[in-house]
């Protein structure tokens, strides 16, 4: 049985998706495999902490990662690597 | 410097290394990462305090922090087993050591299982746990055979385990 992902893991997976390319909300929801309500909750949190930016182009809204978000993601990857070496799933 | 003192000082320095070199780099998940090492630091602080004062409170703390260290590693059992263990440990140190052995054994089995499934488990973490296990067993045998709660051999083996335990943290720092 697949284990539930932790809240922080979902947040960093979402940040990683946005880091790869500018995404719309539906792209993020599909790739991160999360419900819309969860996405809105995380999006609000990330925007508030200035980890992502919201940009509108015509009728579409895109999300971009900020430098601060990129730094945090880098730190998370190191943390994940460290935890995995001790047998933990972050 | 006596051997016991040397073991304590070296252990404290080694256990402090990951906390000193990593926090600024590993911004995310600091608390969980901090928990991984802090009990080891507290263990060696209690060790040195006991060595210098021979106050029984510190040997009690030493055993509790040792147990908490392994308990944190095997944290799926944290809530229920710690709840049972603490009232008894207050009276009997041996029980904390038995719990340490229990948590370390299950954690070792878990790490070996993960390693076999090709997950990124470090061989150093496994080796360190083997040394910790041998250290705990030696300490248990010393207690049963001669009521020695502060065995130099057990502490020395535990120190070797500590040395291996911090290697994965140093690897992450080196890559940074």
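Chains as they are written, first to last, in my numbering: chain A, 1 to 90; chain B, 91 to 266.
Where is the CB? At the ideal position from N, CA and C, for every residue including glycine.
- Find out if the Cβ-Cβ distance for the pair residue 241(B), residue 252(B) is shorter than 8 Å. no
- Message: Using only the alpha-carbon positions, how far apart do residue 24(A) and residue 157(B) sit?
- Response: 48 Å
- Is the CB of residue 105(B) under 8 Å away from at least one CB in chain A? no
- Message: Under 8 Å, Cβ to Cβ, is there at least one residue of chain B near residue 82(A)?
- Response: yes
- Starting from residue 65(A), follow the alpha helix (DSSP H) in both directions and report where the run begins and ends. Here residue 65(A) belongs to no alpha helix (DSSP H); instead the beta strand (DSSP E) covers 60-65.
- Give the residues of chain A in contact with residue 210(B), contact being defined as C-beta atoms less than 8 Å apart. 81, 84 and 85
- Task: Report yes if the C-beta distance between residue 200(B) and residue 69(A) is below 8 Å; otherwise report no.
- Result: no
- Query: Quick one: is residue 236(B) buried, meaning 16 or more other Cβ sit within 10 Å of its Cβ, or exposed?
  - Reply: exposed
- Pull up the distance between the alpha-carbon of residue 248(B) and that of residue 15(A), whole angstroms please. 40 Å
- Please name the residues in the segment 184-205 of chain B whose beta-carbon is closer than 7 Å to at least one beta-carbon of chain A, in chain order. 200, 201 and 204
- Item | One or two residues paired with residue 33(A) in a DSSP bridge | Partner(s): none; residue 33(A) has no beta bridge.
- Message: So, with DSSP's three-state summary, where would you put residue 208(B)?
- Response: coil
- Message: For residue 1(A), would you say it is in contact with chain B, using Cβ-to-Cβ distances shorter than 8 Å as the test?
- Response: Because the pLDDT of residue 1(A) is 44, which lies under 50, any placement of that residue in the model is unreliable, and the number read from its coordinates should be weighed accordingly. With 8 Å as the cut-off, residue 1(A) does not count as an interface residue toward chain B.
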